[in-house]
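Residue numbers for the sequence shown follow my numbering, beginning at 1 and rising by one.
A short write-up of the structure that comes next.
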Amino acid sequence: MPSLRWLAEEPNAGYAQEWVKSLKYIKDLVWYDGPLATLFEHPNVGRIHYLMIWVDDNDLHNRWIISATSLRDVDKFEKGEMSLQEIVEKNMTTRVIDIDGNQQCTWMGYIQTGALPKQYIPADKIDNKKV
């Protein structure tokens, strides 16, 4: 996984795990041998919606980016009127998390969206159908 310049890192892995566990699953938006982009809602923070997108892995973790989104933008994505890239790039900052093989969030960081590596930004054109 590439080294990045973080705005902040969550020093408390327990907090990161609890934050991720508090997200309520809504639906998968992109699927290929497993979910690649999934919509969640954070019920404790004004029902904010988040898009979790798989971006990388290594022997121990899967890395995901988490971007706040609106249901209107999700609807546009599902209709082919907006890309995941456009949804992600609407945010000034993005959360990045590492999930281990036991489905535990072991790390969370915050980065300016413009500083994400190119390979972490979803392709402009991506099929929103399950494959």
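C-beta: ideal position from N, C-alpha, C; glycine also.
From a predicted model like this one, the values you see are computed outputs, not experimental measurements.
> What do you get for serine 67, buried or exposed, if any count of 16 or more other CB atoms within 10 angstroms of its CB means buried?
Replying inline: Position 67 of the sequence shown, counted from the start, is the residue given in the question as residue 67. Buried, since its Cβ has 16 or more Cβ neighbours within 10 Å.
> Taking all protein chains shown into account, do 16 or more other C-beta atoms lie within 10 angstroms of the C-beta of arginine 95, making it buried, or fewer, making it exposed?
Replying inline: On the sequence shown, residue 95 is found 95 positions in, with the first residue counted as 1. Arginine 95 is buried by the Cβ-count criterion.
>> Tell me which residues share the same chain as leucine 9 and place their Cβ nearer than 8 Å to its Cβ, disregarding the 5 neighbours each side in the sequence.
In response: The residue given as residue 9 occupies position 9 in the sequence shown. In the sequence as displayed, the identity of residue 9 is glutamate instead of leucine. Same-chain partners within the cutoff: Trp107, Met108, Gly109 and Tyr110.
> On the premise that threonine 113 lies in contact with threonine 93, defined as a C-beta separation below 8 Å, what is that separation, rounded to the nearest angstrom?
Replying inline: To locate residue 93, count along the sequence shown from 1; it is residue 93. To locate residue 113, count along the sequence shown from 1; it is residue 113. The pair is a contact, with the Cβ atoms about 6 Å apart (cut-off 8 Å).
> Distance, Cα to Cα, isoleucine 53 vs alanine 115?
Replying inline: As a first step, residue 53 is located in the sequence shown; it is residue number 53 there, counting from the start. As a first step, residue 115 is located in the sequence shown; it is residue number 115 there, counting from the start. Rounded to the nearest angstrom, the two C-alpha atoms are 16 Å apart.
> What are the uninterrupted segments assigned as alpha helix (DSSP H) that are 4 or more residues long and contained completely in the stretch 64-98, given in chain order?
Replying inline: 71-78 and 84-89
>> Only counting the same chain, and skipping five residues up and downstream in sequence, which positions put a Cβ closer than 7 Å to that of isoleucine 121?
In response: Here residue 121 is taken as the residue at index 121 of the sequence shown, counted from 1. Here the set comprises Gln85 and Val88.
> Can you tell which of Gly14, Trp64, Tyr15 and His42 has the C-alpha that lies nearest to the C-alpha of leucine 71?
Replying inline: As a position in the sequence shown, residue 71 is number 71, starting the count at 1. Of the candidates Gly14, Trp64, Tyr15 and His42, the one whose C-alpha sits nearest the C-alpha of leucine 71 is His42.
> Apart from the five residues just before and just after serine 97, which ones in its own chain have a Cβ nearer than 6 Å to its Cβ?
Replying inline: Position 97 of the sequence shown, counting from 1, holds the residue named residue 97. The amino acid occupying residue 97 in the given sequence is isoleucine; serine does not appear at that position. If we look at isoleucine 97 and ignore the five residues flanking it on each side, its Cβ neighbours are Trp64, Cys105 and Met108.
>> So, at 7 Å on beta carbons, what are the nonlocal neighbours of lysine 24 in its own chain, with the 5 sequence-adjacent residues on each side left out?
In response: If you number the sequence shown from 1, residue 24 lands on position 24. Around lysine 24: Phe40, Glu41 and Pro43.
> For aspartate 33, does the count of other Cβ atoms within 10 angstroms reach 16, so buried, or fall short, so exposed?
Replying inline: In the sequence shown, the residue the question calls residue 33 occupies position 33. Exposed is the call here.
> Tell me which same chain residues have a C-beta within less than 7 Å of the C-beta of leucine 60, skipping the five on either side of it?
Replying inline: On the sequence shown, residue 60 is found 60 positions in, with the first residue counted as 1. Closer than 7 Å at the Cβ level, and outside the excluded window around leucine 60, lie Asp100.
>> Let me confirm a value: aspartate 75 is counted as buried when at least 16 other C-beta atoms fall within 10 Å, else exposed. Which label applies?
In response: For the purposes of this step, residue 75 is identified with residue 75 of the sequence shown, where counting begins at 1. Classification of aspartate 75: exposed, given that the 10 Å Cβ count is below 16.
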